[in-house]
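Residues 24 to 205 (this note's numbering) make up the sequence shown, in order. The beta carbon of each residue, even a glycine, is placed where N, CA and C say it ideally should be. Since the structure comes first, as structure tokens, the remarks are kept for the end.
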Amino acid sequence: MIDLDAWLPDPEIVTRHRRDAAVAPDALWSAARGVRLDQTRTIGRLVRWRIPGVPPGQSFMGLLATEPFTILDAGERHSISGLCGRIWTFTRDYAELSGPDEFLAWQEPRTVRVLFAHWVRAADGGHRSTLHSEARVGPTDTIARMRLRALWLAVGPFERLIGAEALALAADAAERSDGRRP
24 MIDLDAWLPD
34 PEIVTRHRRD
44 AAVAPDALWS
54 AARGVRLDQT
64 RTIGRLVRWR
74 IPGVPPGQSF
84 MGLLATEPFT
94 ILDAGERHSI
104 SGLCGRIWTF
114 TRDYAELSGP
124 DEFLAWQEPR
134 TVRVLFAHWV
144 RAADGGHRST
154 LHSEARVGPT
164 DTIARMRLRA
174 LWLAVGPFER
184 LIGAEALALA
194 ADAAERSDGR
204 RP
């Protein structure tokens, strides 16, 4: 079991998405690792706008493994990444973290810690599986909390529309490669 509370126990914002697929867990995880920013309609453009210089063909998992993100934990069918900084500014105001310990200890005033977790769980005796995605955002102080809430008022209503986009692509790709979809 992945314990996200060990990384960010009291987030201000939590988003969760999941997508079922009629494939084995390894096939779904492989497909999830291959989804690229340029395959999405909206979220890829938003990521590239917020983090200039990211190539369009970058995979989401590759993105979450490179600066300004830090891999916090990874395993056979899961990956947890973190980011710290001021996510509400128009400048690239993110910390360069040296690793998981620095993420855990991060307390820079007027900033947030952001956690991105993705994992696959087997279902139905291994013939089906579910891809999970969870994002958590935790402010370091009251000012960061107020800025985060203001940002969330603007982007929160759209999160459900774009948050699951990459998961749907992964499930469809896994089922196509498994011969379950044309």
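For residue i, three-class secondary structure by DSSP
i	result
R64	coil
S82	strand
E99	coil
G179	helix
E90	coil
W72	helix
T38	strand
A50	helix
D43	strand
D31	Note that residue 31 corresponds to Leu in the displayed sequence, not to Asp. Coil.
R168	helix
G57	helix
R7	Outside the shown range of the chain (24 to 205) lies residue 7, about which nothing can therefore be said.
A158	strand
CB contact below 8 angstroms: residue i versus chain C
i	result
G179	Although the question refers to chain C, the structure presented lacks it and comprises just one protein chain.
Candidates the options: closest to residue i by CA position
i	options	result
A146	D43, T38, E198 and L174	D43
P132	F139, A50 and Y117	Y117
L154	R71, L190 and L86	L190
A187	V58, D33 and W30	V58
S82	T93, R73 and G67	G67
C107	A97, A128 and F113	A128
L65	S121, E182, A88 and P75	At residue 65 the sequence reads Thr, which differs from the Leu that was named. Nearest option by C-alpha distance: E182.
I166	D26, T134 and L31	T134
A97	P32, G149, D26 and R73	D26
V178	L69, H40, P32 and T114	L69
R109	D33, A140 and R136	R136
Sequence-distant residues of its chain with Cβ nearer than 7 angstroms to residue i (five each side left out)
i	result
E35	V160, G161, P162, R168 and L171
W52	R100 and V143
W175	I36
Cβ shell of residue i (< 8 angstroms), same chain only, five flanking positions each side left out
i	result
E119	E90 and P91
R71	L60, V77 and P79
A173	W111
Separation of residue j from residue i, as counted between CA atoms
i	j	result
T38	S152	20 angstroms
E99	G80	24 angstroms
I103	S156	10 angstroms
T164	W142	Correcting the residue type first, residue 164 is Asp in the shown sequence and not Thr. Each residue's alpha carbon lies about 30 angstroms from the other.
A29	D124	12 angstroms
I185	L87	17 angstroms
F113	H150	45 angstroms
H40	P180	15 angstroms
Contacting residues, own chain, Cβ-Cβ under 6 angstroms from residue i (five flanking each side not counted)
i	result
Q62	L192
A197	A44, V46, A50, L51 and A54
R56	M84
G105	T93, L95, F126 and L138
A194	R42 and A44
Inside the stretch 115-154 only - alpha helix (DSSP H) runs reaching at least 4 residues: 123-128
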